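Numbering (the numbering used here), first residue to last: 33 to 151. Here's the structure we're looking at; comments come further down.
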């Protein structure tokens, strides 16, 4: 999972953990020291901290994060966005679509606890 802020990374990572999935939230996902690879995790969450960046900066940071995930053996890429649509959603999704030949991107912002749904 790629999140644009730490709150969203932790909140969503916790939901996977509560479902019994081994989850790791990475704050610093650049080159790591030996032994720091979260290879035992079912869910790997990367915080790009890109919500307040310019669209071009956010694009680049998400592409670098995707490269990090793409080098692992993860089957699904989930791009966490803000449910109120703050941040660089368009440029970050473009970064993923440009980095990998996905057929489509489904954008469905929601936070049901607070009455935010996508229908």
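From the three backbone atoms N, C-alpha and C, an ideal C-beta is built for every residue, glycine too. Note that the structure is a prediction, hence the values are computed from the model and not measured.
Separation of residue 146 from residue 92, as counted between CA atoms | Distance between the alpha carbons of residue 92 and residue 146 is about 31 Å.
Rounded to whole angstroms, what's the CA-CA distance from residue 37 to residue 107? Just pull it up for me.
-> One C-alpha to the other measures close to 22 Å.
For residue 46, does the count of other Cβ atoms within 10 angstroms reach 16, so buried, or fall short, so exposed?
-> If you draw a 10 Å sphere on the C-beta of residue 46, you find fewer than 16 other C-beta atoms in it, and that means exposed.
Answer with buried or exposed for residue 85, where buried requires no fewer than 16 other C-beta atoms within 10 angstroms of its C-beta.
-> With 16 or more other Cβ atoms inside 10 Å of its own Cβ, residue 85 counts as buried.
Identify the continuous beta strand (DSSP E) that holds residue 76 and give its terminal residues.
-> 75–79
Limits of the beta strand (DSSP E) - the one that residue 56 falls within = 55–58
Could you name the residues that DSSP lists as bridge partners for residue 35?
-> 79 and 112
Nearest-angstrom Cα separation, counted from residue 150 out to residue 144 = So the two alpha carbons sit approximately 9 Å from each other.
Might you give, ordered along the chain, the residues of its own chain that have their beta carbon closer than 8 Å to the beta carbon of residue 137, omitting 5 neighbours on each side?
-> The beta carbon of residue 137 sits closer than 8 Å to those of 111, 125, 128 and 129, all from its chain and outside the five residues before and after it, given in chain order.
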